[in-house]
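Chemist:
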Amino acid sequence: MLSLSAKAKRHAVSRPKNIVRDENAPSKSQLKRDMTALQELGEVLGALSKSQLDELDLPETLRDALDDLPKVTAHEGRRRHIQYIGKLMRHVDPAPIREQIDRWEIGSRANKTAFKMAEKWRDRLIAEPKVLVDFSEMQPEVDAKALAVLIEKARLQATRGEAPAASRQVFRVVYKAFLKVPTASSSADEAAED
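In this text, residue positions in the sequence shown follow my numbering: the first is 1356, and each later residue adds one.
#1: Should I1461 be labelled buried (16 or more other beta-carbon atoms within 10 Å of its own) or exposed?
#2: Which complete alpha helix (DSSP H) runs does the stretch 1371 to 1402 hold, if anything under 4 residues is left out?
#3: If you pair each beta-carbon of the stretch 1414 to 1430 with each one of the stretch 1443 to 1457, do three or more pairs fall below 8 Å?
#4: Once DSSP output is grouped into helix, strand and coil, what is the label at D1544?
#5: Counting Cβ pairs closer than 8 Å, one from the stretch 1446 to 1461 and one from the stretch 1472 to 1486, do we hit at least three?
#6: Where does E1517 sit, in a helix, a strand or coil, going by DSSP?
#7: Which of the three DSSP states is assigned to P1425 in this structure?
#8: Among the residues of its own chain, which have a CB less than 8 Å from the CB of Y1530, if the five just before and after it don't count?
#9: With the cut-off set at 7 Å, would you say A1521 and Q1512 are in Cβ contact?
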């Protein structure tokens, strides 16, 4: 039969046998996952510009910690600082922050899509004169006559080997037109508000 020595008995931790655990309380693993998610959100916040951080309603201590993050360059120090930001994030509701970041990402994606479409349409408009009719039907708010003049200037500059200033102007007109086109999600949001 095994028996504990006197020293082992003194250092043994006594655990209550009938621990009643709240069934609604999150598990320890879930708490760790939540804290890791807050740390990751803190890293995302650390990558935002100062103007974007100003738009968010953050406590002063969290804002100071986020401002200090770029200054911490050592690997271990950065890891610990991100943990500190995660600790500060416990006292902030992360839902509005995530929503704002999602809005910025959606806007960024829309701008990228409009940019790519504008590049393609600019190239098509300069290469093929008849495409202007299709573009005018698709974007009736654009002044077709002014755009036709710009397209002709861009063609002349390209044949002369000059700087593509008119081509850039064509791009700006087309890009602005694509930015003004409502997306399916924004029209659905407007319909939901009515």
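Every residue, glycine too, gets a C-beta built ideally from N, C-alpha and C.
Modeler: Checking against the coordinates, here is how it stands:
#1: Exposure of I1461 is indicated by the presence of fewer than 16 other C-beta atoms within 10 angstroms of its C-beta.
#2: Counting only runs of 4 or more, we get 1383 to 1402.
#3: In short, these stretches touch, since the Cβ pair count reaches three.
#4: Since pLDDT at D1544 reaches only 42, below the 50 mark, its modelled position is unreliable, and the value read off the structure follows with that caveat. Three-state result, D1544: helix.
#5: Three or more beta-carbon pairs separated by less than 8 Å are not found between the stretch 1446 to 1461 and the stretch 1472 to 1486, which leaves the two stretches without contact.
#6: In this structure, E1517 counts as coil in the three-state DSSP scheme.
#7: For P1425, the three-state secondary structure derived from DSSP is helix.
#8: In the same chain as Y1530, and ignoring 5 residues on each side of it, the C-beta atoms closer than 8 Å to its own belong to A1469, F1470 and A1473, in chain order.
#9: Taking 7 Å as the cut-off, the Cβ atoms of A1521 and Q1512 count as close.
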